[in-house]
Every structure is written in C-alpha cells, then in structure tokens.
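Residue numbers (the working numbering): 2 to 156.
Glycine residues also receive a C-beta, built at the ideal position from the N, C-alpha and C atoms.
What follows is a set of notes on a single structure, which appears directly below.
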C-alpha cells in the first residue's frame, strides 16, 4: 500500500517540496501529488511587470515537473476534509473531486484580505496571479491622462 503525500500550492514552497520529496522516496512506496490552481509557475514578485505590459515567459508546471515522478493536478482547492483525509478540488471545467492523502503539505502561501478595511474591496486591485495582473494592466491602460494611482504595500 502506497503512502500518499499531497502538496497544495505550487509556489516557492510547494513546488520545490514536491520535487525534492519525489527525489528522496521510492515511487513504489510513496505517491507525491501536487495540486495547483495555475498551470504555469509565475514568480509573484514579477507580477507587477505583467501589470505594466511586459511579457514574462511562462514556465508550465508540467514541463518543470516532467520526469520527476510528481503527479500534477490542475485545480483549485475548495476545502479540506480532515476526518476523511481528503483535499476537495474544482478544476477549470467545474469538475469537483476529492484527493485522498496520508500526509498533507499546506503550501498555499499568502493572500490579501480586501474585506477588513471598508472600501478596499470596491476600489483596489490585487496582484494575486497572472489574470489579476492582466486585469490591472487593462485598468491602467484605460485611465485618463493625469489620473492618480495609489500603490499600497511594500512587498
């Protein structure tokens, strides 16, 4: 019987954890699965470049993981059932599934809370992923000359 390790999040923590673990275990004993909402690895600190229209060459996760023995599931995590030891996912086609695990590595990283301060959710744009950077780019292009843009955060 195989031991199933599921890693959720394919960023700076989850992606190398999956590859390193897969190199150190026997594939007939341990199955390493990486769950990512994105098909490409994107360096979050570079999202501002996308927002201003610069091209960044995508790194497909499937190419990065090729030959590593890591099983990739392209889906968003929508829940974790601790009693059943399952990660609940939904893919881009709306298909839901449950991914069983023996060991779970939670590597979803940080997120931005736009609900705590009144007005933020209605008036701000976050740089959470490439699609958000594209939306910000479109908003910036649509601004009138002389418009004001405020940048918050010092990450």
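Please determine, among 84, 8 and 37, the residue with the shortest C-alpha to C-alpha distance to residue 91.
Ranking the options by Cα distance to residue 91, first place goes to 37.
Could you name the residues of the same chain whose beta carbon sits closer than 6 Å to that of residue 105, not counting the 5 residues immediately before and after it, in chain order?
Excluding sequence neighbours, residue 105 sits near 7.
With 16 as the cutoff for other CB atoms within 10 Å, does residue 79 come out buried or exposed?
Label assigned to residue 79: exposed.
Could I get the ranges of all uninterrupted alpha helix (DSSP H) runs contained in the region 39–106, with 4 residues as the minimum, in chain order?
Whole alpha helix (DSSP H) segments, 4+ residues: 48–52 and 62–66.
If residue 15 and residue 35 are in contact, beta carbons under 8 Å, what's the gap, nearest whole angstrom?
Right, the Cβ-Cβ distance comes to about 6 Å (below 8 Å), so this counts as a contact.
Between the alpha carbons of residue 11 and residue 74, how many angstroms are there, rounded?
Going by the C-alpha atoms only, they are around 10 Å apart.
Looking at the secondary structure, which residues open and close the beta strand (DSSP E) in which residue 6 lies?
Residue 6 -> beta strand (DSSP E) spans 4–9.
Report the partner residues of residue 35 according to the DSSP bridge assignment.
In DSSP, residue 35 forms a bridge with 8 and 73.
Taking C-beta to C-beta, are residue 135 and residue 39 nearer than 9 Å?
Cβ atoms of residue 135 and residue 39: not closer than 9 Å.
Return the residue from the list 24, 115 and 20 that minimises the CA-CA distance to residue 128.
Taking only the C-alpha atoms, the option nearest residue 128 is 115.
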